[in-house]
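From first to last, the protein sequence lines are chains Z and X. Going by this note's numbering, the first sequence opens with residue 5, and the numbers climb by one from there. Going by this note's numbering, the second sequence opens with residue 2, and the numbers climb by one from there. Just so you know, even glycine gets a beta-carbon here, dropped at the ideal spot from N, CA and C. Every value quoted in this text rests on a predicted model; they were computed, and no experiment measured them.
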Amino acid sequence: MSPRQWLRAVFSALEALCSRAFTPAWNPLLQLGAIGWFFYWIVAVSGVYLYVFFDTGITRAYDTVEALTHAQPWAGGIMRSLHRYASDGLVLVALTHLLREFALDQMRGKQWFSWITGLPVLMLIYLSGITGYWLVWDVMAQHIAVTSAELLDALPLFGEPISRNFVSESSLSGRFFTLMSFIHIAAPLLLLLFMWIHINRLTAARIQPARGLSLLVLASLLGLSIVLPALSQARANLDTVPATIGLDWFYLNIYPLVQQWGGVTVWKLLGGTLLLLGLLPWLPRKSIPPVAKVSLLNCNGCGRCVTDCPYGALSLEPRSDWQSYESEAVVNADRCLSCGLCVGACPTATPFRSASVFSAGIELPQLPLVELREQLRKSCASLAGEDRLVVFACEHAGNLGTELRRNSAVAEMPCIGMLPPSFIDFVFARRLADGVVIAGCTANSCYHRFGQRWTEERIAGQRDPWLRARVPRERMALSWAADLGAFRRGLASLPPLRLSKSDAGKPGPLPSGRLWPVPVRVAGMALLLGLFAGVTAVFATQPSWRQLAPDEAVVRLAIRHATATKIECKPLTPQQMNDLKPNMRRPVDCPRERWPVYVELERDGKLLYQGTHRPSGLWDDGAATVFRTFRIPAGRQAIVVRMRDSGRESGFDRVRSGTIDIAPGQNFVIEFHSGEGFTWH
Amino acid sequence: MSLIVWREDFTIGLPDVDLEHRELIKMINTLHGSLKPDADAARIVEALGEIHARIAAHFALEEREMRRLNYASTAEHKDDHERLLDDILDIMDTVESPADYDAEALGRRLSNWFSEHFRTFDARLHRWLVNRH
């Protein structure tokens, strides 16, 4: 079994379980996308509330968040908790959604669009979440700031390291912070745009979960917010490096990796993952069956197929043939996935038509209805007894089991929604079998989105075309809802089949699936929501990340130094000036290239670092920067830092040494200023 | 003689729907013309099958128009459509068992249901469409 099939089986089992427990309408696994949208709105509304009280300046940010949390716990505190937990829920739901679509193989071939547009959605969720945590400016935010800077500095994008912004409390500037509050508003707006694009190719995309389910999810988030309100950690202080911090593992899962493996490796990992996800729809290429075909002679433009297409692949367009109808159905081959739901919707798709040849208004070339009918007739001819069965099965239904294979004719189609209800009527009218079983793919979750739902609604007379009321519902069963053994045994004891000639009334639904008793279902729902809340609560702060041993400290070498130019300026003689082109003439010749910087750092006589750093700029005419971080044991130790910046072969131009007490968790910064030389604190 | 004769007051005012009404009347008249006591039952079933499909499609189109225009009596009108479609299937069952086969009765039934539906439901739709403006 491939990983995809394995995953599919897991999802199928879980979905079947949840459908039985909560009814398909409330099955959270079948509306992950919709729940994601719901979380988005919770985050947006609570975010607007928080923004009212939040001061976007770095000096006041922490205090305003604290005031919000503790001065108005029943409003701001709850809002803040909802903001955090719904954001975590959004990640949880989005990743599960991604896994499920992968398992269902709903992203290859023509479905690439939703998959590919989902990737920016995911990235924007992360960008929004990470910048949001930044704004709290507690030790986790500090960790985010320092590590993000390290990550960004690994890219050859920035002239000088961003990390210099977060070297020490004294050099801290609000510049970056303001940028973060801007991104934290811009990214979610962009996210909304991409979420909208993401669902653009789906008809009737579900963006609202069932109301009851929404309320329960909201209630569980509220409960979580009251029991475990979201709190800030200690105030950020760049002069220290907190040894242990709580991390939100939903959003910050790569941050420990940056510290462990370095920025470059993490970028490779991220880029590789993204590339792989981006290529998945074409790995390997999906074989593409021929698309649905409209037969204009049988199409009067009634539009039922357009309404029922799950992929927006059909539209009504002005008539193109000689018939004087207003419109006709047109297939968009790029979007059609050959599911056949349109065939099931077509009013002319009826097996009662002339004996030899007929065509519905829209047909799948690989499975014409004439062929389906002839196969059905042929395979029914060999059935005998009183429990003869016709099974209309979805080709994704998997193993039908022995009960459905015995004394039965199985008609397979790409999706159960392709079945025109009149075929069921036909089976009974022609006495082809004693019972009919509808076998969709997995319980309540249709490979082609609406196949099962449309079928059940057509049988129940809630969607066109209706299954005639005269068809005996007691001789029909849904494979996922019925006890098939009992159903078959029951067929023999039913009164003889007689299709009523009188007014049969309105069509009725099939008996719904067996549900568990109410207390069990309530307990199940509570368990599921509790599990969701529990997972969210735990991974929002736990396990905490130890970035430093308790007896360790950090030394940062942060040097930005414009050295002397390699060649001194010298005045030009009139003759030399004359030899230059007129626009290049100048009285003094000043080559701009500067000397590189060579630095050594020594601790207790052992070399911690040595390196040569080129000046920045295209002509090596800018300042050279050195930014390095080292973990060292705390305690009293001899530190020596030396620099050569004049082009000499050996020896040093600047040296500073001393014996220093470094406290555990201290952020010991060594800087260099041209006027005063090395400074440390 | 034709079973149903198209009359101007059958017009309901939706061009597509009116066009199909005429087509259907033509089909039913052709079928009626071939209803002789010695007619081939298979051919009649075949013709009825086509009529059934045509009428189903026609009703689908008419229902779409009614829904599009927010016609108040859409549900009742549709129920009558469904009843008529049931009827045709029942008629087809009759034709298939030669014992029950009675050309005269079949002709009467076809004519009745068509004229009746025209007289009541379609006329009401027509009045509604006219008064709407």
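Residue state for residue 574 of chain Z is assigned as strand, using DSSP reduced to three classes.
The beta carbon of residue 117 of chain Z sits closer than 6 angstroms to the beta carbons of 205 from its chain, once the five residues preceding and following it are set aside; these are given in chain order. Residue 342 of chain Z carries a coil assignment under DSSP once its states are collapsed to helix, strand and coil.
With its beta carbon at least 8 angstroms from every one in chain X, residue 378 of chain Z lies outside the interface.
A Cβ-Cβ distance of about 4 angstroms is found for the pair residue 38 of chain Z and residue 210 of chain Z, placing them in contact under the 8 angstroms criterion.
Here residue 451 of chain Z is buried. Its C-beta has 16 or more other C-beta atoms within 10 Å.
With a cutoff of 8 angstroms on beta-carbon distance, residue 92 of chain Z and residue 198 of chain Z are scored as not near each other.
By alpha-carbon distance to residue 131 of chain Z, the top candidate from Z/152, Z/142, Z/112 and Z/147 is Z/152.
In the DSSP assignment, residue 322 of chain Z forms a beta bridge with Z/331. Distance from the CA of residue 169 of chain Z to the CA of residue 148 of chain Z, rounded to the nearest whole angstrom, comes to 13 angstroms. Contacts with chain X at 8 angstroms (Cβ-Cβ) include residue 354 of chain Z. Considering only Z/350, Z/541, Z/467 and Z/501, the residue with the shortest C-alpha distance to residue 79 of chain X is Z/467. Taking every protein chain shown into account, the CB of residue 202 of chain Z has 16 or more other CB atoms within 10 angstroms, so this residue is buried.
If you draw a straight line from the Cα of residue 602 of chain Z to the Cα of residue 98 of chain Z, it comes to about 49 angstroms. Residues of the same chain with a CB within less than 7 angstroms of the CB of residue 143 of chain Z, apart from the 5 flanking positions on each side, are 237, 238, 240, 246 and 249 in chain order. Considering only beta carbons, the part of the segment 416-436 of chain Z lying closer than 8 angstroms to chain X consists of 429 and 433, in chain order. Close to residue 381 of chain Z, with beta-carbon spacing below 9 angstroms, lies no residue of chain X; the smallest spacing is near 15 angstroms.
Within the segment 314-330 of chain Z, those residues whose Cβ lies closer than 9 angstroms to any Cβ of chain X are, in chain order, 327, 328, 329 and 330. If you ignore the 5 residues before and after residue 606 of chain Z, its C-beta comes within less than 6 angstroms of the C-beta of 644, all in its own chain and listed in chain order.
Below 8 angstroms, enough C-beta pairs join the segment 349-366 of chain Z and the segment 301-311 of chain Z to call them touching: three or more. Between residue 559 of chain Z and residue 257 of chain Z, the alpha-carbon positions lie close to 25 angstroms from each other.
Residue environment: residue 550 of chain Z is assigned as exposed (fewer than 16 neighbouring CB atoms within 10 Å of its CB, all protein chains considered). What residue 470 of chain Z touches in chain X, judged by beta-carbon distance under 9 angstroms, is 83 and 86, going in chain order.
At a C-beta separation below 7 angstroms, residue 10 of chain X has no neighbours in chain Z, since its nearest C-beta there lies roughly 21 angstroms away.
Residue contact with chain X for residue 351 of chain Z: present (Cβ-Cβ distance below 8 angstroms to some residue of chain X). Counting C-beta atoms within 10 angstroms of its own C-beta, residue 378 of chain Z has fewer than 16 neighbours from the protein chains shown and is therefore classed as exposed.
When 7 angstroms is used as the limit between beta carbons, residue 307 of chain Z is near these residues of chain X: 65, in chain order. Of all alpha-carbon atoms in X/87, X/132, X/114 and X/66, the one lying nearest the alpha-carbon of residue 25 of chain X is that of X/114. Interface with chain X (8 angstroms Cβ-Cβ cutoff): residue 365 of chain Z is included.
Excluding residues up to 5 positions away in sequence, 66 lie with their Cβ nearer than 6 angstroms to the Cβ of residue 15 of chain X in the same chain.
Per DSSP, reduced to three states, the secondary structure at residue 556 of chain Z is strand. Counting other Cβ atoms within 10 Å of its Cβ, residue 72 of chain Z reaches 16 or more and is therefore classed as buried.
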